[in-house]
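Chemist: Residue numbers for the sequence shown follow my numbering, beginning at 42 and rising by one.
Even glycine gets a Cβ: it sits at the ideal position worked out from N, Cα and C.
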Amino acid sequence: MKASALLLSSLITFAAGTSISRPGTPPKPKSPYGVSLHATIQIAPQNVTRFIEYAKDIVATVIQEPLCHFFELYLSAEEPGVISWVENWDATLEWLVDVQLPKEYYKEYLEATEPMYIGPREMTFHNVAGPPFAFYKSWNKK
Numbered sequence: 042m043k044a045s046a047l048l049l050s051s052l053i054t055f056a057a058g059t060s061i062s063r064p065g066t067p068p069k070p071k072s073p074y075g076v077s078l079h080a081t082i083q084i085a086p087q088n089v090t091r092f093i094e095y096a097k098d099i100v101a102t103v104i105q106e107p108l109c110h111f112f113e114l115y116l117s118a119e120e121p122g123v124i125s126w127v128e129n130w131d132a133t134l135e136w137l138v139d140v141q142l143p144k145e146y147y148k149e150y151l152e153a154t155e156p157m158y159i160g161p162r163e164m165t166f167h168n169v170a171g172p173p174f175a176f177y178k179s180w181n182k183k
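#1: By the three-class DSSP mapping on this structure, what secondary structure does I61 have?
#2: Report the three-state DSSP secondary structure of T133 (helix, strand or coil).
#3: Excluding the five sequence neighbours on either side, which residues of its own chain have a C-beta within less than 6 Å of the C-beta of G160, listed in chain order?
#4: What are the start and end residues of the alpha helix (DSSP H) that includes L151?
#5: Using the three-state DSSP reduction, which class does V140 fall into: helix, strand or coil?
#6: With burial defined as no fewer than 16 other Cβ atoms inside 10 Å of the residue's Cβ, what is the status of K178: buried or exposed?
#7: Return the chain-ordered list of same chain residues with a C-beta closer than 6 Å to the C-beta of Y146, the five sequence neighbours on each side being excluded.
#8: Determine the DSSP secondary structure at F92, reduced to helix, strand or coil.
#9: So what does DSSP say about A101, is it helix, strand or coil?
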């Protein structure tokens, strides 16, 4: 099954709340540096603070996943209510869609936040290019 067809069927299943996970070790990523999920949503500007409170809990859980190597959330500087995030995973697209995204802990978060959406959630997936195209300075730098 092509990744796009798999993704569509998986997201439909995920949205319906049915787990489609395949247990076991994730297959090697097509890129030696993993896969990157880029998501964007739009919510009413008055709901941004409330959304951020829900996001804190889910982000704290997601970043504890052993295969999650990067997570960053962005608030649009030009369009109030547009929120994006990037997650990098040491896994394949199929594993991310079939195993990670259907995890139980997303359900409460989605039930609380999806009613805030005023547009569709957009998700794209990318193979991480890796060095020399990756650089990130520490937040802890003084």
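Modeler: Answer, in terms of the structure:
#1: Sequence index remark: in the sequence shown, residue 61 carries index 20 (1-based). In this predicted model, I61 has a pLDDT of only 33, less than 50, meaning its place in the structure is not dependable; the value taken from the coordinates is given anyway. DSSP places I61 in coil when its eight states are reduced to three.
#2: Mapped onto the sequence shown, residue 133 falls at position 92. If DSSP states are grouped into helix, strand and coil, T133 belongs with coil.
#3: The residue you call residue 160 lines up with position 119 of the sequence shown. Correct list, in chain order: Q83.
#4: Your numbering for residue 151 matches position 110 in the sequence shown. L151 -> alpha helix (DSSP H) spans 146 to 154.
#5: Start at 1 with the first residue of the sequence shown, and residue 140 comes out as number 99. It is helical.
#6: Translated into the one-based positions of the sequence shown, residue 178 becomes position 137. By the neighbour-count rule (16 or more Cβ atoms within 10 Å), K178 is not buried but exposed.
#7: Position 105 of the sequence shown holds residue 146. Answer for Y146: T102, listed in chain order.
#8: Residue mapping note: residue 92 aligns to position 51 of the sequence shown, counting from 1. Note: F92 maps to helix in three-state DSSP.
#9: By one-based count along the sequence shown, residue 101 stands at place 60. Correct three-state label for A101: helix.
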